[in-house]
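Encoded as structure tokens, the structure appears first; notes follow it.
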Amino acid sequence: MVQLQLANSTDKIRNTPRRSIAERFADFHVQNPDVYQAIVEIARVMKGRGIHKMGIALIFERLRWLHFIDSTKGAEPFKLSNSFRSEYARLIMQQEPSLAGFFEIRELRRHDDEHKRTKQKAV
Numbered sequence: 241m242v243q244l245q246l247a248n249s250t251d252k253i254r255n256t257p258r259r260s261i262a263e264r265f266a267d268f269h270v271q272n273p274d275v276y277q278a279i280v281e282i283a284r285v286m287k288g289r290g291i292h293k294m295g296i297a298l299i300f301e302r303l304r305w306l307h308f309i310d311s312t313k314g315a316e317p318f319k320l321s322n323s324f325r326s327e328y329a330r331l332i333m334q335q336e337p338s339l340a341g342f343f344e345i346r347e348l349r350r351h352d353d354e355h356k357r358t359k360q361k362a363v
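Have a look at this one:
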């Protein structure tokens, strides 16, 4: 079963400039490749059972549940940020042709937000 650990302690995060979700996701994805594979595996099972479209939140909760059931006392807590759901859904649909269009997604707002922040800094 996939076990996740945060790469940075809370103290380190507090003492660094705020990073975007995309930046944090990129680091997390590189450090935890098993998460991607676990999501793809569950999505393929669902698709094989006749589900043609679904929200990735269900898979995130399934991974958390599986970890809880398989964990023994003293195991590291399972930390899977909901902020990464959209990132995983888009990445998987882009990289896995059999899952293209499988996840329900919304339009991203971050590009506008990042543009506004950049504009405010320039003023």
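Following the working numbering from start to finish, the sequence shown increments by one per residue and tops out at 363.
All C-beta atoms in this analysis are idealised placements derived from N, C-alpha and C, irrespective of residue type, glycine included.
Asked, Found
"Three-state secondary structure (DSSP) of Phe342", "coil"
"Same chain only: Cβ atoms within 6 Å of Ser323, ignoring 5 sequence neighbours per side", "Ile261"
"C-alpha gap between Arg259 and Gly295, whole angstroms", "26 Å"
"For Met294, the residue or residues it bridges with in DSSP", "Phe343"
"Three-state secondary structure (DSSP) of Arg325", "helix"
"Reference Glu301; option with closest CA among Lys293, Arg325 and Arg264", "Arg325"
"Buried versus exposed, by CB contacts within 10 Å (16 or more), Phe308", "exposed"
"C-alpha gap between Trp305 and Ile332, whole angstroms", "21 Å"
"Straight-line Cα distance separating Arg346 from Gln335", "18 Å"
"Option nearest Arg264 by Cα separation, candidates Tyr328, Asp310 and Ile299", "Tyr328"
"Arg330 - DSSP class collapsed to helix/strand/coil", "helix"
"Contact check, Val275 vs Leu320, beta carbons under 9 Å", "yes"
"Neighbour-count burial assignment, Ile299, 16 or more Cβ in a 10 Å radius", "buried"
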